[in-house]
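In order, the protein sequences belong to chains A and B. Per my numbering, residue 1 is the first one in the first sequence, and the count goes up by one each step. Per my numbering, residue 341 is the first one in the second sequence, and the count goes up by one each step. Just below is one structure, and these are the notes that go with it.
Number of protein chains: 2
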Amino acid sequence: MVGTNSGSTSAHFPGSGDEFDAIDRLRARFERAAGARMAGGRPPRGETWIGDDAAVVRGPGGELELLSTDLVVAGVHVDLGLGGFDDLGYKALMVTVSDLAAMGGRPDHGLVSIASPPGTDLDLVADGMAMAAVETGCVVVGGDLSGSPVLVVSVAVSGSLSGSPHLGPLLRSGAKPGDQLLVTGALGGSAAGLRLLRQRKDEGATTPPSAEESSLIRAHRRPRARLDEGEVARLSGARAAIDISDGLVADIRHLARASGVGIDLAEVPVAPGAIREEALGGGEDYELLLATGDTVRLQDGFARAGLRPPIVIGHCTDDPARLLLGGGPLPPGGWRHQVR
Amino acid sequence: MVGTNSGSTSAHFPGSGDEFDAIDRLRARFERAAGARMAGGRPPRGETWIGDDAAVVRGPGGELELLSTDLVVAGVHVDLGLGGFDDLGYKALMVTVSDLAAMGGRPDHGLVSIASPPGTDLDLVADGMAMAAVETGCVVVGGDLSGSPVLVVSVAVSGSLSGSPHLGPLLRSGAKPGDQLLVTGALGGSAAGLRLLRQRKDEGATTPPSAEESSLIRAHRRPRARLDEGEVARLSGARAAIDISDGLVADIRHLARASGVGIDLAEVPVAPGAIREEALGGGEDYELLLATGDTVRLQDGFARAGLRPPIVIGHCTDDPARLLLGGGPLPPGGWRHQVR
Numbered sequence: 001m002v003g004t005n006s007g008s009t010s011a012h013f014p015g016s017g018d019e020f021d022a023i024d025r026l027r028a029r030f031e032r033a034a035g036a037r038m039a040g041g042r043p044p045r046g047e048t049w050i051g052d053d054a055a056v057v058r059g060p061g062g063e064l065e066l067l068s069t070d071l072v073v074a075g076v077h078v079d080l081g082l083g084g085f086d087d088l089g090y091k092a093l094m095v096t097v098s099d100l101a102a103m104g105g106r107p108d109h110g111l112v113s114i115a116s117p118p119g120t121d122l123d124l125v126a127d128g129m130a131m132a133a134v135e136t137g138c139v140v141v142g143g144d145l146s147g148s149p150v151l152v153v154s155v156a157v158s159g160s161l162s163g164s165p166h167l168g169p170l171l172r173s174g175a176k177p178g179d180q181l182l183v184t185g186a187l188g189g190s191a192a193g194l195r196l197l198r199q200r201k202d203e204g205a206t207t208p209p210s211a212e213e214s215s216l217i218r219a220h221r222r223p224r225a226r227l228d229e230g231e232v233a234r235l236s237g238a239r240a241a242i243d244i245s246d247g248l249v250a251d252i253r254h255l256a257r258a259s260g261v262g263i264d265l266a267e268v269p270v271a272p273g274a275i276r277e278e279a280l281g282g283g284e285d286y287e288l289l290l291a292t293g294d295t296v297r298l299q300d301g302f303a304r305a306g307l308r309p310p311i312v313i314g315h316c317t318d319d320p321a322r323l324l325l326g327g328g329p330l331p332p333g334g335w336r337h338q339v340r
Numbered sequence: 341m342v343g344t345n346s347g348s349t350s351a352h353f354p355g356s357g358d359e360f361d362a363i364d365r366l367r368a369r370f371e372r373a374a375g376a377r378m379a380g381g382r383p384p385r386g387e388t389w390i391g392d393d394a395a396v397v398r399g400p401g402g403e404l405e406l407l408s409t410d411l412v413v414a415g416v417h418v419d420l421g422l423g424g425f426d427d428l429g430y431k432a433l434m435v436t437v438s439d440l441a442a443m444g445g446r447p448d449h450g451l452v453s454i455a456s457p458p459g460t461d462l463d464l465v466a467d468g469m470a471m472a473a474v475e476t477g478c479v480v481v482g483g484d485l486s487g488s489p490v491l492v493v494s495v496a497v498s499g500s501l502s503g504s505p506h507l508g509p510l511l512r513s514g515a516k517p518g519d520q521l522l523v524t525g526a527l528g529g530s531a532a533g534l535r536l537l538r539q540r541k542d543e544g545a546t547t548p549p550s551a552e553e554s555s556l557i558r559a560h561r562r563p564r565a566r567l568d569e570g571e572v573a574r575l576s577g578a579r580a581a582i583d584i585s586d587g588l589v590a591d592i593r594h595l596a597r598a599s600g601v602g603i604d605l606a607e608v609p610v611a612p613g614a615i616r617e618e619a620l621g622g623g624e625d626y627e628l629l630l631a632t633g634d635t636v637r638l639q640d641g642f643a644r645a646g647l648r649p650p651i652v653i654g655h656c657t658d659d660p661a662r663l664l665l666g667g668g669p670l671p672p673g674g675w676r677h678q679v680r
């Protein structure tokens with residue numbers, strides 16, 4: 001997730017940006033603790049623990065289960081001056097579900113933890129969560145509440161994979177040299193929406209936003225997990241996926257690193273009203289980045305499911321050291337929103 | 341959990357103390373959101389959602405799965421002046437696992453979310469979590485990190501039930517009039533340990549604590565989920581259980597309310613070095629409160645498993661309005677530690 005505070009850290013355990021060190025150290029500790037259950041220092045065959053959008057484990061019945069959690073901290077991930085408690089609740093659940101979309105799975109059950117200061121409208125937080133739960137088919141079955149000096153919401157979800165039990169999840173690590181890279185939609189809308197909200201607040205805007213502006217604001221406040229797209233991609237032979245939460249340039253690095261491939265991007269589709277920098281680094285669009293060796297099959301799957309066609313943005317190469325955009329070097333890191 | 345701050349709220353969704361209203365409202369929202377998956381407004385047969393120590397759902401393979409989450413907020417649940425970051429991490433994972441012990445289950449997988457301010461020793465937090473994970477057989481498979489003005493740790497765990505698939509979990513709602521009530525150990529140790537830590541800090545104590553004092557301090561800093569006890573109770577015919585997190589008088593009310601029974605308690609076993617009030621209301625001991633119609637079978641099960649014998653403290657009656665202790669009325673609510 002993108003911080004609204006430049007001094008903040010936000011790192012999903014799979015690792016994003018500057019926090020690799022802390023995550024690697026934590027990962028080492030938890031893997032050591034799990035030692036007895038690990039064959040040769042690795043999770044059992046078919047399982048993936050820390051290191052992807054969601055963990056892949058065997059559930060009580062032996063079937064594959066997906067598990068993921070995300071944190072939303074008021075003032076770090078979400079500026080409550082620019083959106084409501086319901087937007088925060090909605091986003092907290094939706095971005096966690098997005099991790100499952102990136103695996104080609106769907107959510108089954110959710111747990112919600114809310115640590116909140118006095119004055120927090122818990123009903124509104126829950127309203128937003130409940131709406132995201134309905135939209136994604138996630139059933140919230142439990143949670144915990146606490147007082148806190150700052151509003152922190154943590155959501156954990158479990159999920160599953162449709163289709164043949166032999167068809168595993170989409171991992172970050174599955175891309176191969178020569179694979180085409182595609183995104184499920186234009187990028188930068190969320191960052192542009194945040195920019196607009198800040199502008200309108202600074203200007204004390206009283207006129208209603210235009211249709212295009214409303215669409216960008218909605219992209220920021222109410223992102224949508226691409227569950228259909230992830231599932232169809234998985235069932236249509238895609239080899240790797242990641243959700244674009246930290247920004248394309250950051251997330252494509254994660255995929256390249258996990259897959260051990262290089263990247264050659266032509267250009268990226270920019271959402272109407274957004275600028276190129278927002279599309280490259282803004283993050284929080286939650287579109288999926290996909291790698292496939294059979295683009296025709298993927299596009300055909302999307303068409304048959306009635307989904308917007310995925311957009312080819314480049315391909316994977318065999319030199320992991322070469323990350324290119326438009327023939328030049330891929331810009332470094334993720335672009336982060338500056339603290340006000 | 342017991343707040344160190346009297347102005348704090350801490351409420352597991354099943355409901356504890358003053359927060360019933362907020363929880364009931366949230367529960368209603370999430371149940372409404374799940375409407376399509378609920379038969380006649382209730383979860384599917386065999387499942388329990390919000391309303392017990394852990395949720396009971398069907399996993400991807402159709403087997404019963406347990407899900408629970410708990411929050412630990414520095415300054416609310418844990419005073420970092422009286423313990424280390426490792427104690428906080430340990431406790432955050434252990435108390436979540438304790439919810440599964442209260443169902444008669446065991447943990448399989450854990451997700452950890454840490455929102456932390458600068459200066460937090462994340463390695464120590466993870467060390468404590470990893471130790472609790474090893475002790476309970478819980479494998480940490482993922483998580484999320486974020487910056488935050490205050491340290492908030494949220495742990496979510498999934499778990500399962502051993503034995504026959506027809507033998508369901510221990511619920512709060514299973515007790516019947518005439519059932520004996522037992523606890524798995526003496527109470528008040530954690531509250532007494534907290535009291536000692538505060539005294540020693542106020543006095544600037546430099547002498548090492550006595551063996552008894554060390555035991556109480558350990559009960560506070562490093563509580564233990566009674567996984568063996570919960571599982572043996574479940575396999576030995578116990579009808580209901582709850583973990584004693586909020587304090588006996590608060591938690592026994594939850595069990596009585598869920599089961600629709602009255603309570604007649606003789607007296608409670610007080611941990612050496614603790615006082616009666618701490619045993620009745622201190623909380624955070626994480627011993628289990630059990631109800632059974634066959635005490636001999638339960639005691640026999642504990643003996644065969646090499647566990648300390650559970651202690652009979654009273655029985656259930658058929659008048660839900662009568663909650664008695666030593667012949668008089670059960671004291672109200674949970675006793676809460678006062679803010680310093």
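Positions of the beta carbon are idealized from the N, C-alpha and C atoms, including for glycine.
- Among the bridge pairs identified by DSSP, A/V78 is matched with A/A74.
- Assigned with DSSP and collapsed to three states, A/V157 falls in strand.
- The shortest C-alpha to C-alpha distance from A/G59 to any of B/I454, B/L536 and B/V479 is the one to B/V479.
- Just so you know, the alpha carbons of A/Y90 and B/V493 end up roughly 21 Å apart.
- Residue environment: A/T48 is assigned as buried (16 or more neighbouring CB atoms within 10 Å of its CB, all protein chains considered).
- Only V139, V140, V141, G142, G143, D144, L145, S146, G147, S148, P149 and V150 from the segment 135 to 150 of chain A bring a Cβ to less than 8 Å from some Cβ of chain B.
- Among the residues facing chain B, A/F30 is included, as its CB has a counterpart in that chain under 8 Å away.
- Excluding sequence positions up to five before and after A/P43, its CB lies within less than 7 Å of the CB of W49, all in the same chain and listed in chain order.
- Neighbourhood of B/A379 in chain A, by CB distance below 8 Å: empty, with the nearest CB roughly 13 Å away.
- Between the segment 175 to 187 of chain A and the segment 284 to 301 of chain A there are three or more C-beta pairs closer than 8 Å, enough to call the two in contact.
- Residue pairing for A/E65: DSSP places it in a beta bridge opposite A/V57.
- Within the model, the alpha-carbon separation for B/A611 versus B/L527 is close to 5 Å.
- Chain B places a beta carbon closer than 8 Å to that of A/T69, counting this residue as a contact.
- The DSSP-derived three-state label of B/V523 is strand.
- Identification of residues in the segment 42 to 62 of chain A having a C-beta nearer than 9 Å to some C-beta of chain B yields P43, E47, T48, W49, I50, G51, D52, A54, A55, V56, V57, R58, G59, P60, G61 and G62, given in sequence order.
- In this structure, the CA atom of B/D392 is about 7 Å from the CA atom of B/L511.
- In the DSSP annotation of this structure, the continuous segment of the beta strand (DSSP E) that includes A/R106 starts and ends at R106 to S116.
- Non-local C-beta neighbours of B/G424 in its own chain, meaning closer than 7 Å and more than five positions away in sequence, comprise L464, ordered along the chain.
- Apart from the 5 residues on each side of it in sequence, A/D70 sits with its Cβ closer than 8 Å to the Cβ of M1, H12, A92, V95, T96, D99, S154 and V155 in its chain, given in chain order.
- Under the Cβ criterion of 8 Å, A/I23 is counted among the residues facing chain B.
- One finds R365 in chain B with Cβ atoms closer than 7 Å to the Cβ of A/D123, taken in chain order.
- By the neighbour-count criterion, in which a residue is buried when 16 or more other Cβ atoms sit within 10 angstroms of its Cβ, B/G646 is exposed.
- Listed in chain order, the non-local C-beta contacts of B/G499 below 6 Å within the same chain comprise L406, L440, G445, R446, P447 and D448, local neighbours out to five positions each way being set aside.
- If you check the CB distance, A/L88 and A/L82 do not come in under 8 Å.
- With distances taken between CA atoms, B/S456 lies nearest to A/V76 out of A/V76, A/A258 and A/G142.
- Leaving aside the five residues that flank B/A532 on each side, the residues in its chain whose CB is nearer than 6 Å to its CB run, in chain order, L556, G613, A614 and E618.
- From the beta-carbon of B/E405, the residues of chain A found nearer than 7 Å are G59 and P60.
- Under a 10 Å Cβ-count criterion, A/P169 is classified as buried, with 16 or more other Cβ atoms of the shown protein chains found around its own Cβ.
- Around the beta carbon of B/G450, 16 or more other beta carbons lie within 10 angstroms, which makes this residue buried.
- Where A/T96 is concerned, there is no enclosing beta strand (DSSP E), although the alpha helix (DSSP H) around it starts and stops at F85 to A101.
- At least one beta carbon of chain B lies nearer than 8 Å to the beta carbon of A/S158.
- Going by beta carbons, A/G283 and A/D246 fall inside the 8 Å limit.
- Contact check for A/A130 against B/F370 passes: the beta carbons are separated by less than 8 Å.
- Of the residues A/L298, A/V157, A/D264 and A/A34, the one whose Cα lies closest to the Cα of B/D467 is A/A34.
- Straight across, the Cα-Cα distance linking B/M443 with B/F642 is about 16 Å.
- Listed along chain A, the residues sitting closer than 8 Å to B/L451 by beta-carbon distance are A55, L67, S68, T69 and A156.
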